[in-house]
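Number of protein chains: 2
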Amino acid sequence: MRDDLPIDQIIEAECVDAMQALPDACVDLVFADPPYNLQLGGELHRPDNSRVNAVDAEWDQIGNHDDYDLFTCAWLEEAHRLLKPDGGIWVIGTYHNIFRLGTFLQDMGFWIMNDVIWRKSNPMPNFKGTRFTNAHETLIWAAKTKDAKPTFNYAAMKALNDGVQMRSDWTLPICSGGERLKLADGKKAHPTQKPESLLHRVLLATTNPGDLVLDPFFGSGTTGAAAKRLGRHFIGIERDRDYAAIARERIASISPATREVLTVTQSKRAEPRIPFGNLVERGMVKPGDTLYCPRGERTARVRADGTLISGRSTGSIHKVGAEIQKAPSCNGWTFWHVRVRGGFQPLDTLRAQIRETMTV
Amino acid sequence: MRDDLPIDQIIEAECVDAMQALPDACVDLVFADPPYNLQLGGELHRPDNSRVNAVDAEWDQIGNHDDYDLFTCAWLEEAHRLLKPDGGIWVIGTYHNIFRLGTFLQDMGFWIMNDVIWRKSNPMPNFKGTRFTNAHETLIWAAKTKDAKPTFNYAAMKALNDGVQMRSDWTLPICSGGERLKLADGKKAHPTQKPESLLHRVLLATTNPGDLVLDPFFGSGTTGAAAKRLGRHFIGIERDRDYAAIARERIASISPATREVLTVTQSKRAEPRIPFGNLVERGMVKPGDTLYCPRGERTARVRADGTLISGRSTGSIHKVGAEIQKAPSCNGWTFWHVRVRGGFQPLDTLRAQIRETMTV
DNA sequence: TAACCCACTGAATCACAAC
DNA sequence: GGTTGTGATTCAGTGGGTT
Numbered sequence: 001m002r003d004d005l006p007i008d009q010i011i012e013a014e015c016v017d018a019m020q021a022l023p024d025a026c027v028d029l030v031f032a033d034p035p036y037n038l039q040l041g042g043e044l045h046r047p048d049n050s051r052v053n054a055v056d057a058e059w060d061q062i063g064n065h066d067d068y069d070l071f072t073c074a075w076l077e078e079a080h081r082l083l084k085p086d087g088g089i090w091v092i093g094t095y096h097n098i099f100r101l102g103t104f105l106q107d108m109g110f111w112i113m114n115d116v117i118w119r120k121s122n123p124m125p126n127f128k129g130t131r132f133t134n135a136h137e138t139l140i141w142a143a144k145t146k147d148a149k150p151t152f153n154y155a156a157m158k159a160l161n162d163g164v165q166m167r168s169d170w171t172l173p174i175c176s177g178g179e180r181l182k183l184a185d186g187k188k189a190h191p192t193q194k195p196e197s198l199l200h201r202v203l204l205a206t207t208n209p210g211d212l213v214l215d216p217f218f219g220s221g222t223t224g225a226a227a228k229r230l231g232r233h234f235i236g237i238e239r240d241r242d243y244a245a246i247a248r249e250r251i252a253s254i255s256p257a258t259r260e261v262l263t264v265t266q267s268k269r270a271e272p273r274i275p276f277g278n279l280v281e282r283g284m285v286k287p288g289d290t291l292y293c294p295r296g297e298r299t300a301r302v303r304a305d306g307t308l309i310s311g312r313s314t315g316s317i318h319k320v321g322a323e324i325q326k327a328p329s330c331n332g333w334t335f336w337h338v339r340v341r342g343g344f345q346p347l348d349t350l351r352a353q354i355r356e357t358m359t360v
Numbered sequence: 361m362r363d364d365l366p367i368d369q370i371i372e373a374e375c376v377d378a379m380q381a382l383p384d385a386c387v388d389l390v391f392a393d394p395p396y397n398l399q400l401g402g403e404l405h406r407p408d409n410s411r412v413n414a415v416d417a418e419w420d421q422i423g424n425h426d427d428y429d430l431f432t433c434a435w436l437e438e439a440h441r442l443l444k445p446d447g448g449i450w451v452i453g454t455y456h457n458i459f460r461l462g463t464f465l466q467d468m469g470f471w472i473m474n475d476v477i478w479r480k481s482n483p484m485p486n487f488k489g490t491r492f493t494n495a496h497e498t499l500i501w502a503a504k505t506k507d508a509k510p511t512f513n514y515a516a517m518k519a520l521n522d523g524v525q526m527r528s529d530w531t532l533p534i535c536s537g538g539e540r541l542k543l544a545d546g547k548k549a550h551p552t553q554k555p556e557s558l559l560h561r562v563l564l565a566t567t568n569p570g571d572l573v574l575d576p577f578f579g580s581g582t583t584g585a586a587a588k589r590l591g592r593h594f595i596g597i598e599r600d601r602d603y604a605a606i607a608r609e610r611i612a613s614i615s616p617a618t619r620e621v622l623t624v625t626q627s628k629r630a631e632p633r634i635p636f637g638n639l640v641e642r643g644m645v646k647p648g649d650t651l652y653c654p655r656g657e658r659t660a661r662v663r664a665d666g667t668l669i670s671g672r673s674t675g676s677i678h679k680v681g682a683e684i685q686k687a688p689s690c691n692g693w694t695f696w697h698v699r700v701r702g703g704f705q706p707l708d709t710l711r712a713q714i715r716e717t718m719t720v
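As you go down the protein sequences, you meet chains P and S in turn.
Position 30, counted from 1, in the first sequence is what the working numbering calls 30; the numbers after and before it change by one each time, with no gaps.
Basically the working numbering = 1-based index in the second sequence + 360.
Here is the structure:
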């Protein structure tokens, strides 16, 4: 990681100013919880003229030029510049601002991966009875570009959800009780403190240990707290000195998890590749041996170079498997079986034996 | 109600053309399920190699964001004109289009009342393990203007929800089984037929009996079906003759206002499943914490994704529990314990605490 | 009848490394 | 940058048929 960055620090400044001082393509992830009740006026910082013009062009399509859109465009443009090519961004909001955030993300070339619903298990009721209880907030997860491959720890998310795919709706409680930061007078320290559980899931899903996360609206520092706990690094930007001080104190008291427990469930795609030919070379399967389908109704014979032959079809275990099933594709490792005493065993178990010897 | 309107009829025309032929301020509610403008890649296959029947209809291919925005603007402008002063509008979409819909609604002076999440109890999974399961769609409910007082049947919603306020997230199944309209060849009649339970809730919440509902993208006629059942009137606009014919036949076979519908509407209320990972995210158990056997003679450590590690064994609380006991299975909730002052407490009691907060 | 197994399906921006 | 080969990847539910 670059050593000229303010790693694990909180910058006290307007977010666009601070972002402009950082170099291109330096962060792995941006997490942004922007305010939507801005007290806009003369105090709002505007970027330099060239950038305003570039921004203007973007949302002539939208036809609305109010200060909130100008501000949103300015920090999103900077976020785009600061992200590495395969970086990702999360934004969170409510119906007051999330539609504008989503539209701008799309217009700027970000590529939406998911919108995610934070379904609050204990929302504030609607006292007037004039609407539905506002029981959720919306997050958008987007890649820097359409072709980017942002980090997604699919297997870890599946493990976290008891073995079934993590869905786009997350039921989590709001931040309350002991987690909620309080001032000396007992009042809450920040009006919109997010629960660490939310950031835990975001960071575990879309970053790796050691990654750098930028939060341009740092607030009470939940992003930094979760990042430190999970062995990620952060840069926080916060214009309010009191909030920054609270966040610093909060993060200082956190001790990170060890490397061992940060090693999460890995996808099979990450495992080393074993050519089928290795099994032949090692004598686990011999040239001339017969391989069987799961139900044994079709067979193929192994050739010395690790290809199969079955009727007119020859080629890799995958190609032959696909052709005899007339399927678009086939995983030969799980499709083909060898005969063992009294039954069949998939090639995959033989591959696992080789992998076992590799890791030791 | 005006007698020059095509009440309870389906107009076969392009939606903007048909809307322009209607007079100002004549409808109480607009419900719109516009094309989502999906941008799909090639073919998609399930892990069992079957092909996913994608939404590749010509009507969904609007083009780029600019074309989609022009189209959206045109019909939303007409919708605004057709609404009575205290009228309301619902739109539904996914992340592909919902942010643009929301932004335009706001820019045109509509006033958002709620965004509502349709949380699908049985969504299609993500077959390639590349993203979170797309398990919801988003609806926006808006008033014609900031000062409008659109109909909201608060008490009816509360009653429908077992006596507690209706939240902004609705768990309902997708349209399948006998409800799904089929052609003579057994194929689905419309690729995106919405469940009647969804429209039931929308109409019950934001219209009164006798009200007039306009649906400019009528499709298979779910809005008309729900309206007729609930004693509301509708005007449908659909440019596809086949869809219009299907909808006419469907609605003709419906008899209004039976109790039966209410039972259809109730979603199944099951005891919520709590993944062990939730305890980690919520900080009830921390990455690196040690878990103990009932008698404490064996231990495991918790990883950040909610899996355990004990010696060479890693995986879910159930899997690791079974492996270290050399048992075929294990209920990790009762097997593993956390240390509390002076003793041990099973994970099950922590899970019970979460259930407590969710069900109230 | 009940239990069980198998086939099929749903608004989806759905792989990736090596050559 | 395009092409090719390897091989990873699914949940809840309906409905039909068999045991």
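Yeah, the Cβ is synthetic: ideal placement off N, Cα and C, and Gly gets one too.
*Considering only the beta carbon of each residue, do residue 503 of chain S and residue 473 of chain S sit closer than 8 Å?*
Counting from 1 along the second sequence, the entry for residue 503 of chain S is found at position 143. Counting from 1 along the second sequence, the entry for residue 473 of chain S is found at position 113. Yes, Cβ-Cβ distance for residue 503 of chain S and residue 473 of chain S is below 8 Å.
*Quick one: does the C-beta of residue 70 of chain P sit closer than 7 Å to a heavy atom of the ligand GDP?*
Summarising the ligand content, the structure contains no ligands, and the ligand GDP is consequently not present.
_What ranges does the beta strand (DSSP E) occupy inside the segment 475-506 of chain S, keeping only unbroken runs of at least 3 residues that lie completely in it?_
496-503
*Along chain S, which residues have their Cβ under 8 Å away from the Cβ of residue 264 of chain P?*
Locating residue 264 of chain P in the first sequence gives position 264, where the first residue counts as 1. Within chain S, the residues near residue 264 of chain P are 663, 664, 665, 667.
*Classification of residue 697 of chain S by the beta-carbon crowding that lies within 10 angstroms, buried from 16 upward*: On the second sequence, position 337 is the one that residue 697 of chain S refers to. Burial call: buried.
*asked:* Rounded to the nearest angstrom, what separates residue 361 of chain P and residue 646 of chain S at their Cα positions?
replied: The shown model of chain P, from 1 to 360, leaves out residue 361 of chain P, and the question about it has no answer.
_Any chain P beta carbon closer than 8 Å to residue 440 of chain S_ = In the second sequence, residue 440 of chain S corresponds to position 80, counting from 1. It does not: the Cβ of residue 440 of chain S has no partner Cβ on chain P nearer than 8 Å.
*asked:* Less than 8 Å between CB atoms is the rule here; does residue 390 of chain S satisfy it with respect to chain P?
replied: Position 30 of the second sequence holds residue 390 of chain S. Answer no: the Cβ-Cβ gap between residue 390 of chain S and chain P never drops below 8 Å.
*asked:* Quick check on this structure: which residue in S:482, S:463, S:417, S:468 has the alpha carbon closest to the alpha carbon of residue 438 of chain S?
replied: Residue 438 of chain S sits at position 78 when you count from the first residue of the second sequence. Of the listed residues, the one whose Cα sits closest to residue 438 of chain S is S:468.
_Listed by chain order, chain S residues near residue 376 of chain P by CB distance under 7 Å_ = The structure shown has nothing for residue 376 of chain P, since chain P only spans 1 to 360.
*Any C-beta of chain S sitting closer than 8 Å to the C-beta of residue 108 of chain P?*
As a working mapping, residue 108 of chain P is identified with position 108 in the first sequence. Not closer than 8 Å to any Cβ of chain S, the Cβ of residue 108 of chain P fails to qualify, so no.
*In angstroms, rounded to a whole number, what distance separates the CA positions of residue 449 of chain S and residue 223 of chain P?*
Here residue 449 of chain S refers to the residue found at position 89 of the second sequence. Here residue 223 of chain P refers to the residue found at position 223 of the first sequence. Whole-angstrom Cα-Cα distance: 37 Å.
*Rounded to a whole number of angstroms, what is the C-alpha to C-alpha distance between residue 627 of chain S and residue 278 of chain P?*
By 1-based counting over the second sequence, the position of residue 627 of chain S is 267. By 1-based counting over the first sequence, the position of residue 278 of chain P is 278. At residue 627 of chain S the pLDDT is 39, less than 50, meaning the model places this residue with poor confidence; the figure from the coordinates comes in the next sentence. C-alpha separation (whole angstroms): 54 Å.
*asked:* What does DSSP give as the partner residue(s) for residue 169 of chain P in the beta ladder?
replied: The sequence position of residue 169 of chain P within the first sequence is 169, counting from 1. Partner(s): P:117.
*Name, please, each residue of chain P whose Cβ falls closer than 8 Å to the Cβ of residue 633 of chain S.*
As a position in the second sequence, residue 633 of chain S is number 273, starting the count at 1. Within chain P, the residues near residue 633 of chain S are 162.
*For residue 345 of chain P, does the three-state DSSP call read helix, strand or coil?*
Position 345 of the first sequence holds residue 345 of chain P. In this structure, residue 345 of chain P counts as strand in the three-state DSSP scheme.
*Pair every Cβ in the segment 596-608 of chain S with every Cβ in the segment 574-588 of chain S, then say whether three or more of these pairs are closer than 8 Å.*
yes
_Unbroken stretches of the beta strand (DSSP E), 3 residues or longer, contained in the segment 663-687 of chain S_ = 668-670, 673-675
*Could you check what DSSP says for residue 285 of chain P in three-state terms: helix, strand or coil?*
Here residue 285 of chain P corresponds to residue number 285 of the first sequence, with the count starting at 1. Reduced to three states, the DSSP call for residue 285 of chain P is coil.
*Whether residue 206 of chain P touches residue 460 of chain S by CB criterion (8 Å)*: Within the first sequence, numbered from 1, the residue matching residue 206 of chain P stands at position 206. Within the second sequence, numbered from 1, the residue matching residue 460 of chain S stands at position 100. Cβ atoms of residue 206 of chain P and residue 460 of chain S: not closer than 8 Å.
_residue 75 of chain P, DSSP secondary structure in three states_ = Sequence index remark: in the first sequence, residue 75 of chain P carries index 75 (1-based). Residue 75 of chain P falls in the helix class under three-state DSSP.
_Tell me which residues of the segment 165-179 of chain P have at least one Cβ-Cβ distance to chain S shorter than 8 Å, keeping chain order._
165, 166, 167, 168, 169, 171, 172, 173, 179
_Rounding to the nearest angstrom, what Cα-Cα distance links residue 13 of chain P and residue 248 of chain P in this structure?_
Along the first sequence, read from residue 1 onward, the residue named residue 13 of chain P stands at position 13. Along the first sequence, read from residue 1 onward, the residue named residue 248 of chain P stands at position 248. So the alpha carbons of these two residues sit roughly 15 Å apart.
*Are the CB atoms of residue 456 of chain S and residue 409 of chain S nearer to each other than 8 Å?*
On the second sequence, position 96 is the one that residue 456 of chain S refers to. On the second sequence, position 49 is the one that residue 409 of chain S refers to. The answer is no: Cβ separation not under 8 Å.
*asked:* Let's test the definition: count the other Cβ atoms within 10 Å of the Cβ of residue 225 of chain P and tell me whether it reaches 16, buried, or not, exposed.
replied: Start at 1 with the first residue of the first sequence, and residue 225 of chain P comes out as number 225. Its Cβ being crowded by 16 or more others within 10 Å, residue 225 of chain P is buried.
*Closer than 8 Å, CB to CB, is residue 348 of chain P near chain S or not?*
Taking the first residue of the first sequence as position 1, residue 348 of chain P is located at position 348. No, its Cβ sits nowhere closer than 8 Å to a Cβ of chain S.
*Alpha-carbon to alpha-carbon, residue 367 of chain S and residue 612 of chain S*: The residue given as residue 612 of chain S occupies position 252 in the second sequence. The residue given as residue 367 of chain S occupies position 7 in the second sequence. Approximately 14 Å between the Cα atoms of the pair.
*Between the beta-carbon of residue 497 of chain S and the beta-carbon of residue 546 of chain S, is there less than 8 Å?*
In the second sequence, counting from the first residue as 1, residue 497 of chain S sits at position 137. In the second sequence, counting from the first residue as 1, residue 546 of chain S sits at position 186. No; because the gap between Cβ atoms is not below 8 Å, this pair is not in contact.
*Closest to residue 167 of chain P by CA distance: which of P:117, P:126, P:198, P:146 is it?*
For the purposes of this step, residue 167 of chain P is taken as residue 167 along the first sequence, with counting starting at 1. Checking every option, the nearest Cα to that of residue 167 of chain P belongs to P:117.
*Expressed to the nearest angstrom, what Euclidean distance is found between the alpha-carbon atoms of residue 98 of chain P and residue 384 of chain S?*
Residue mapping note: residue 98 of chain P aligns to position 98 of the first sequence, counting from 1. Residue mapping note: residue 384 of chain S aligns to position 24 of the second sequence, counting from 1. Each residue's Cα considered, the two are about 31 Å apart.
*Give the secondary structure of residue 96 of chain P by DSSP, where H, G and I count as helix, E and B as strand, and everything else as coil.*
The residue labelled residue 96 of chain P in the question sits at position 96 within the first sequence. It is coil, neither helix nor strand.
*By Cβ distance, which residues of its chain are closer than 7 Å to residue 667 of chain S, with the 5 residues on each side in sequence left out?*
If you number the second sequence from 1, residue 667 of chain S lands on position 307. Within the same chain, residue 667 of chain S has close Cβ partners 674, 675, 676.
*Which one of S:568, S:530, S:421, S:559 has the shortest CA to CA distance from residue 446 of chain S?*
To locate residue 446 of chain S, count along the second sequence from 1; it is residue 86. Residue S:568 is the option with its Cα nearest to residue 446 of chain S.
*residue 43 of chain P burial status per 10 Å Cβ neighbour count (16 or more: buried)*: Within the first sequence, numbered from 1, the residue matching residue 43 of chain P stands at position 43. For residue 43 of chain P, the pLDDT reaches just 38, beneath the cut-off of 50, and the residue's location in the model is therefore unreliable, although a value from the coordinates is still provided. That one is exposed.
*Take the Cβ of residue 341 of chain P as the centre, count every other Cβ of all protein chains shown within 10 Å, and call the residue buried at 16 or more, exposed below.*
Working through the first sequence from its first residue, we reach residue 341 of chain P at position 341. Exposed, because fewer than 16 other Cβ atoms sit within 10 Å of the Cβ of residue 341 of chain P.
*Apply the 10 Å Cβ neighbour rule to residue 30 of chain P and answer buried if 16 or more other Cβ atoms are within range, or exposed otherwise.*
Taking the first residue of the first sequence as position 1, residue 30 of chain P is located at position 30. That one is buried.
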